[in-house]
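Written out below as structure tokens is the structure these notes cover.
In our numbering, the protein residues as written are 164 to 262.
Below, the structure written as structure tokens:
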């Protein structure tokens, strides 16, 4: 469930901007080290790539792989009712996020 939420958060990041681990941690309301472990698992599964930011080589950006896009499409087709509940939960969580 958490991995799926992470993939959705990366895919739907506002403005299509690149996502860092810190951004993802904030979106999912997780501690940084917990998010690093989550991204490690996603990376090992071939769902997320870490890419150096071309404008700042110190920053690492997260990018979904084609496999992740396939999984998200498959899950969207198979579980629309669950996804609508997850979407509602994510929207609620994001709306409470301080600006």
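Ideal placement from N, C-alpha and C gives every residue a C-beta, glycine not left out. Given the structure is predicted, the values throughout are model-derived calculations rather than measurements.
Simplified DSSP state of residue 210, which is helix, strand or coil:
Locating residue 210 in the chain shown gives position 47, counting from the first residue. Coil.
Range covered by the beta strand (DSSP E) that runs through residue 222
Working through the chain shown from its first residue, we reach residue 222 at position 59. 219-227 is the span of the beta strand (DSSP E), which, as asked, contains residue 222.
Going by DSSP, which residues form a beta bridge with residue 183?
Counted from its first residue, the chain shown places residue 183 at position 20. DSSP lists 224 as partners of residue 183.
Could you tell me which of 179, 172, 220 and 208 sits nearest to residue 193, measuring between CA atoms?
In the chain shown, counting from the first residue as 1, residue 193 sits at position 30. The residue with the shortest Cα to Cα distance from residue 193 is 172.
If distances are taken between C-alpha atoms only, which option among 178, 195, 179 and 248 comes closest to residue 185?
Position 22 of the chain shown holds residue 185. With distances taken between Cα atoms, residue 185 lies closest to 195.
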